[in-house]
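*Asks:*
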Amino acid sequence: MRNTAMNMVHKLAARDERVLYIGSDPGAGTLRAMSKEFPKRHLIEGISEAHIIGMSAGLAMEGFVPYVNTIATFLTRRCYEQVAVDLCLHNLPVRLIANGGGLVYAPLGPTHQAIEDIAIMRALPNMTVICPCDADEAARMMERTLDWKGPIYIRLGKGGDAVVSKAEHGFEIGKAILMRSPGDVLMVTTGIMLQRALTAADLLAAQGIRSGILHMHTVKPLDTEALLQAIRGTRLVATLEEHVPSGGLGSAVAETLIDKLGSGLPAMLRLSLPDRFMHNYGSQDSLLKKHGLSANAIATSIEHALAASRTSAPQLHST
Amino acid sequence: MIQISPHAESALTCTLDERSLYLRRLVLGSVRSAGRGHVGPALSLIEMVRVLYDDVLRIDPKNPRDPNRDRAILSKGHGCLALYALLADRGFFPLSELDGFCGPDSILGGHPEYGMVPGVEASTGALGHGLSIGVGLALAARMRERSYRTFVLLGDGEINEGSVWEAAMGAAKHGLDNLVALIDYNKLQSYGPTDYVLPLEPLADKWRSFGFAVQEVNGHDVSALRTVLKQVPAVAGKPTAVICHTVKGKGLPAAESNADWHHKNKLTDSELDAIRVAVGDF
Ligand SMILES: Cc1ncc(C[n+]2csc(CCOP(=O)(O)OP(=O)(O)O)c2C)c(N)n1
Chain A
1 MRNTAMNMVH
11 KLAARDERVL
21 YIGSDPGAGT
31 LRAMSKEFPK
41 RHLIEGISEA
51 HIIGMSAGLA
61 MEGFVPYVNT
71 IATFLTRRCY
81 EQVAVDLCLH
91 NLPVRLIANG
101 GGLVYAPLGP
111 THQAIEDIAI
121 MRALPNMTVI
131 CPCDADEAAR
141 MMERTLDWKG
151 PIYIRLGKGG
161 DAVVSKAEHG
171 FEIGKAILMR
181 SPGDVLMVTT
191 GIMLQRALTA
201 ADLLAAQGIR
211 SGILHMHTVK
221 PLDTEALLQA
231 IRGTRLVATL
241 EEHVPSGGLG
251 SAVAETLIDK
261 LGSGLPAMLR
271 LSLPDRFMHN
281 YGSQDSLLKK
291 HGLSANAIAT
301 SIEHALAASR
311 TSAPQLHST
Chain B
1001 MIQISPHAES
1011 ALTCTLDERS
1021 LYLRRLVLGS
1031 VRSAGRGHVG
1041 PALSLIEMVR
1051 VLYDDVLRID
1061 PKNPRDPNRD
1071 RAILSKGHGC
1081 LALYALLADR
1091 GFFPLSELDG
1101 FCGPDSILGG
1111 HPEYGMVPGV
1121 EASTGALGHG
1131 LSIGVGLALA
1141 ARMRERSYRT
1151 FVLLGDGEIN
1161 EGSVWEAAMG
1171 AAKHGLDNLV
1181 ALIDYNKLQS
1191 YGPTDYVLPL
1201 EPLADKWRSF
1211 GFAVQEVNGH
1221 DVSALRTVLK
1231 QVPAVAGKPT
1241 AVICHTVKGK
1251 GLPAAESNAD
1261 WHHKNKLTDS
1271 ELDAIRVAVG
1281 DF
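Protein chains in written order, with the working numbering: chain A, 1 to 319; chain B, 1001 to 1282.
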């Protein structure tokens, strides 16, 4: 996913002279081909994230479309005020390509694990937040970033994630993709939780439970219409995210349902990381598993929640 | 032992001409109407802003978005009253707006906002952002082969921020000789002396070692400022830093070098009388 997104910057740069790549101190050879073909538009500016964001704002004010790239935690925590003031307040078309969203950098510990990035980026007015699920989707997403008006935070996964997105679904920023039609449960996913949801849905199907899946690649602006449509007839809405429980996809979905439905809310299950820093290393996969986000654990949690809701909550908005 | 710069001494003693007094009356009029404002930070800036807008910047108030205009960013956004006075005086917006300072429907807030105030190039108020934005603007000029220049006004306390020095390294890396940093070196920040809060000396050497061509000047001496600012870049291929030795609160004896006048609320009658004595009736 990461290589694809990077190569797309090169491709977009070839097509549009406004496109810049701005890295802080990325791995050797990052976008080497672009640096050869467009040396003036391939900028490596040093481990100075606050400055880089301000500088990209200046460049965007003059009509450039900078794609700024570094590790997710440094692109969010380190320069939050610059992102808020220089990019969001001025509403400038700077794209933040965040490597290693979520627990991709599991072995490197809490400084490198972006577990609250969606929340803090989503909280900023004018910011758009996108979490593609695989390389193919990342490519389609990047196409759409060229002419989007304001700033965009792009949370990239590890790379090598199973390709589950489909070309025929296309990609529009802010338009969720219904991967499976609603059933007893609707899983709402973002980023690489989609793959896990698909497997969980198969496991649930074996238990006779029909699962819908709504892939919310854009967490902000959230596709309210698709969400309201997809929950019709379901007994449970389960949100899945590689993120702390506050402020991420689960919060966004809950907020939207409260705002739009007011009463008669569906039973909800928010599956996320716990509200704490991870002090375990290993791999993204092992940490997700440890925190109940393996496909198996997801399926089990949903089964239990459905059983509980059968005794309490009414079926919602049946058509 | 650090030598006191002769420019700092002359900043303390030099007198102000009628235009400088007039601009101070505009600033203090806004403070009187609003019952608040950053007085000291604006008064130390006035001559720097005046010379920029009167003599240096290639700008047209009738065409504030002209792509070839020079860009100026007030990175120490809390000094905005000085900027507002100049912009109003130069016709970017009516002088009457100054009376609305900080009012509920005013375009003029306690920090300048891009898109709200004609002539304001960037929203500032959080210190330490302006020079990076300036680097972006200056780099864009280079890439687009445009002749405009970028001037960034910074406070001396502001340059406590590490981001300023990140930006300085970036400016030097790109050899941005179309970029000028003006430092309002009034030796005071909010709490007190810069020497107490976080010493900056040797300041000129710092900028030099970060790759800038450095000029030092009495920041209240209009003709000296003109000479320095008309000769930028000071060295081809390098960004320029102009260290302007100033006096916080310059022109108001009670406010000069007085941290209590960093931000003022309602001015008392006796303060207003003293102001009239210092800058004339307003
Ligand atoms: C990032 C940030 N921290 C703190 C402040 C609060 N603040 C406003 S003005 C000021 C002092 C600035 O001192 P200096 O840059 O020397 O400017 P002066 O007031 O002397 O003109 C402070 C701390 C701020 N605006 N931004």
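We put the CB at the ideal spot given by N, CA and C, even for glycine. Just so you know, these numbers come straight off a predicted model, no measurement behind them.
Which residues of the stretch 1154-1168 of chain B have a Cβ closer than 8 Å to any Cβ of chain A? Give them in chain order.
*Replies:* Gly-1162, Ser-1163, Glu-1166 and Ala-1167
*Asks:* Could you name the residues of chain A that Val-1235 (chain B) contacts, counting a contact when the two beta carbons are closer than 9 Å?
*Replies:* Residue numbering aside, residue 1235 (chain B) sits at position 235 when the second sequence is read from its first letter. The contacting residues do not exist; Val-1235 (chain B) stays about 22 Å from chain A at best.
*Asks:* Gln-82 (chain A) touches chain B at which residues, Cβ-Cβ below 8 Å?
*Replies:* On the first sequence, position 82 is the one that residue 82 (chain A) refers to. Neighbours of Gln-82 (chain A) on chain B, chain order: His-1129, Ser-1132 and Ser-1163.
*Asks:* I'd like to know if the stretch 1161-1175 of chain B and the stretch 43-53 of chain A are in contact, where contact means that at least 3 CB-CB pairs between them fall below 8 Å.
*Replies:* yes
*Asks:* Counting Cβ pairs closer than 8 Å, one from the stretch 112-128 of chain A and one from the stretch 241-249 of chain A, do we hit at least three?
*Replies:* yes
*Asks:* Roughly how many whole angstroms lie between the Cα atoms of Gln-315 (chain A) and Leu-257 (chain A)?
*Replies:* Counting from one through the first sequence, the residue named residue 315 (chain A) turns up at place 315. Counting from one through the first sequence, the residue named residue 257 (chain A) turns up at place 257. Annotation note: pLDDT 49 at Gln-315 (chain A) (below 50); position unreliable, coordinate value reported separately. Looking at the two C-alpha atoms, the distance is approximately 15 Å.
*Asks:* Using a threshold of 7 Å, is the CB atom of His-1078 (chain B) nearer than that to any non-hydrogen atom of ligand 1?
*Replies:* Sequence index remark: in the second sequence, residue 1078 (chain B) carries index 78 (1-based). Yes, Cβ of His-1078 (chain B) sits closer than 7 Å to a heavy atom of ligand 1.
*Asks:* Any heavy atom of ligand 1 closer than 7 Å to the beta-carbon of Leu-186 (chain A)?
*Replies:* Counting from one through the first sequence, the residue named residue 186 (chain A) turns up at place 186. No heavy atom of ligand 1 is found nearer than 7 Å to the CB of Leu-186 (chain A).
*Asks:* Hey, would you say Ala-72 (chain A) sits closer than 8 Å to Ala-114 (chain A), going by beta carbons?
*Replies:* Residue mapping note: residue 72 (chain A) aligns to position 72 of the first sequence, counting from 1. Residue mapping note: residue 114 (chain A) aligns to position 114 of the first sequence, counting from 1. Yes. Within cutoff.
*Asks:* What residue from B:Asp-1060, B:Asp-1269, B:His-1262 and B:Leu-1023 has the CA that sits closest to Asn-1186 (chain B)'s CA?
*Replies:* Within the second sequence, numbered from 1, the residue matching residue 1186 (chain B) stands at position 186. For the residues B:Asp-1060, B:Asp-1269, B:His-1262 and B:Leu-1023, the minimum Cα distance to Asn-1186 (chain B) belongs to B:His-1262.
*Asks:* Hey, is Arg-1149 (chain B)'s beta-carbon within less than 8 Å of any beta-carbon in chain A?
*Replies:* Position 149 of the second sequence, counted from the start, is the residue given in the question as residue 1149 (chain B). For Arg-1149 (chain B), the answer is no, since every Cβ of chain A falls outside 8 Å of its Cβ.
*Asks:* Once the 5 residues before and after Gly-1237 (chain B) are set aside, which same chain residues still bring their CB inside 7 Å of it?
*Replies:* For the purposes of this step, residue 1237 (chain B) is taken as residue 237 along the second sequence, with counting starting at 1. Hits under 7 Å: Gly-1175 and Asp-1177.
*Asks:* Under the rule that 16 or more other beta-carbon atoms within 10 Å means buried, what is Thr-111 (chain A), buried or exposed?
*Replies:* Position 111 of the first sequence, counting from 1, holds the residue named residue 111 (chain A). An exposed status is given to Thr-111 (chain A), since fewer than 16 other beta-carbon atoms sit within 10 Å of its beta-carbon.
*Asks:* Compute the distance between the beta-carbons of Ile-1046 (chain B) and Ala-1011 (chain B), then report whether it is under 8 Å.
*Replies:* Residue mapping note: residue 1046 (chain B) aligns to position 46 of the second sequence, counting from 1. Residue mapping note: residue 1011 (chain B) aligns to position 11 of the second sequence, counting from 1. Not in contact: Ile-1046 (chain B) and Ala-1011 (chain B) (Cβ atoms no closer than 8 Å).
*Asks:* For His-1078 (chain B) and Pro-1041 (chain B), which I take to be in contact (beta-carbon distance under 8 Å), what is that distance rounded to the nearest angstrom?
*Replies:* If you number the second sequence from 1, residue 1078 (chain B) lands on position 78. If you number the second sequence from 1, residue 1041 (chain B) lands on position 41. With a Cβ gap of about 5 Å, His-1078 (chain B) and Pro-1041 (chain B) count as contacting.
*Asks:* Any beta-carbon of chain A closer than 8 Å to the one on Ala-1241 (chain B)?
*Replies:* The count along the second sequence starts at 1 and reaches residue 1241 (chain B) at position 241. Cβ-Cβ to chain A under 8 Å: no for Ala-1241 (chain B).
*Asks:* Which first and last residues belong to the beta strand (DSSP E) in which Phe-1212 (chain B) is found?
*Replies:* Mapped onto the second sequence, residue 1212 (chain B) falls at position 212. Where Phe-1212 (chain B) is concerned, there is no enclosing beta strand (DSSP E), given that its DSSP letter is neither H nor E.
*Asks:* Give the residues of chain A in contact with Val-1065 (chain B), contact being defined as C-beta atoms less than 8 Å apart.
*Replies:* As a working mapping, residue 1065 (chain B) is identified with position 65 in the second sequence. Residue identity differs from the one stated: residue 1065 (chain B) is Arg in this sequence, not Val. The contacting residues do not exist; Arg-1065 (chain B) stays about 11 Å from chain A at best.
*Asks:* The alpha helix (DSSP H) with Leu-1081 (chain B) in it runs from where to where?
*Replies:* Within the second sequence, the letter at position 81 stands for residue 1081 (chain B). Note, Leu-1081 (chain B): alpha helix (DSSP H), 1080-1089.
*Asks:* Using a Cβ-Cβ cut-off of 8 Å, state whether His-317 (chain A) counts as contacting chain B.
*Replies:* For the purposes of this step, residue 317 (chain A) is identified with residue 317 of the first sequence, where counting begins at 1. Legend: pLDDT at His-317 (chain A) = 44, less than 50; position of this residue unreliable, no value from coordinates given.
*Asks:* Counting only beta-carbon separations shorter than 8 Å, does Arg-1090 (chain B) have a partner in chain A?
*Replies:* Numbered from 1 along the second sequence, position 90 holds the residue referred to as residue 1090 (chain B). No, its Cβ sits nowhere closer than 8 Å to a Cβ of chain A.
*Asks:* In chain order, which continuous runs of the alpha helix (DSSP H) of length 4 or greater are located wholly inside the stretch 119-191 of chain A?
*Replies:* 135-145
*Asks:* Among A:Leu-265, A:Ala-205, A:Gln-82 and A:Lys-11, which has the Cα closest to the Cα of Gly-233 (chain A)?
*Replies:* Translated into the one-based positions of the first sequence, residue 233 (chain A) becomes position 233. Closest option to Gly-233 (chain A), Cα to Cα, is A:Leu-265.
*Asks:* For His-90 (chain A), decide whether its Cβ has a neighbour in chain C, counting only Cβ atoms nearer than 8 Å.
*Replies:* Among the protein chains in the structure shown, which are A and B, there is no chain C.
*Asks:* Which whole-angstrom value is the C-beta distance of Ser-1132 (chain B) and Asn-1068 (chain B), which I expect to be below 8 Å?
*Replies:* Here residue 1132 (chain B) corresponds to residue number 132 of the second sequence, with the count starting at 1. Here residue 1068 (chain B) corresponds to residue number 68 of the second sequence, with the count starting at 1. So it is not a contact: roughly 22 Å between Cβ atoms.
*Asks:* Is it the case that the Cβ atoms of Tyr-1053 (chain B) and Leu-1026 (chain B) are separated by a distance below 8 Å?
*Replies:* Position 53 of the second sequence, counting from 1, holds the residue named residue 1053 (chain B). Position 26 of the second sequence, counting from 1, holds the residue named residue 1026 (chain B). No, the Cβ-Cβ distance between Tyr-1053 (chain B) and Leu-1026 (chain B) is not below 8 Å.
*Asks:* Which residues, in order along the stretch 60-79 of chain A, keep a beta-carbon less than 8 Å from a beta-carbon of chain B?
*Replies:* Ala-60, Met-61, Glu-62, Gly-63 and Phe-64
*Asks:* Determine whether the beta carbon atoms of Ser-283 (chain A) and Ala-167 (chain A) lie at a separation below 8 Å.
*Replies:* Along the first sequence, one-based indexing puts residue 283 (chain A) at 283. Along the first sequence, one-based indexing puts residue 167 (chain A) at 167. For Ser-283 (chain A) and Ala-167 (chain A), no; Cβs fall outside 8 Å.
*Asks:* Mapping DSSP to helix, strand and coil, what is Leu-214 (chain A)?
*Replies:* Taking the first residue of the first sequence as position 1, residue 214 (chain A) is located at position 214. Reduced to three states, the DSSP call for Leu-214 (chain A) is strand.
*Asks:* For Ile-209 (chain A), tell me which candidate among A:Gly-159, A:Glu-255 and A:Ala-200 has the shortest Cα-Cα distance.
*Replies:* As a working mapping, residue 209 (chain A) is identified with position 209 in the first sequence. It is A:Ala-200 whose Cα lies nearest to the Cα of Ile-209 (chain A).
*Asks:* Can the beta-carbon of Gly-170 (chain A) be found less than 8 Å from the beta-carbon of Gly-101 (chain A)?
*Replies:* Along the first sequence, read from residue 1 onward, the residue named residue 170 (chain A) stands at position 170. Along the first sequence, read from residue 1 onward, the residue named residue 101 (chain A) stands at position 101. With a cutoff of 8 Å on beta-carbon distance, Gly-170 (chain A) and Gly-101 (chain A) are scored as not near each other.
*Asks:* List, in chain order, every chain B residue whose beta-carbon is nearer than 7 Å to that of Glu-45 (chain A).
*Replies:* Locating residue 45 (chain A) in the first sequence gives position 45, counting from the first residue. In chain order: Gly-1170.
*Asks:* Residues bridged to His-291 (chain A) by DSSP?
*Replies:* As a first step, residue 291 (chain A) must be located in the first sequence, where it is residue number 291. Paired residue(s): none; His-291 (chain A) is not in a bridge.
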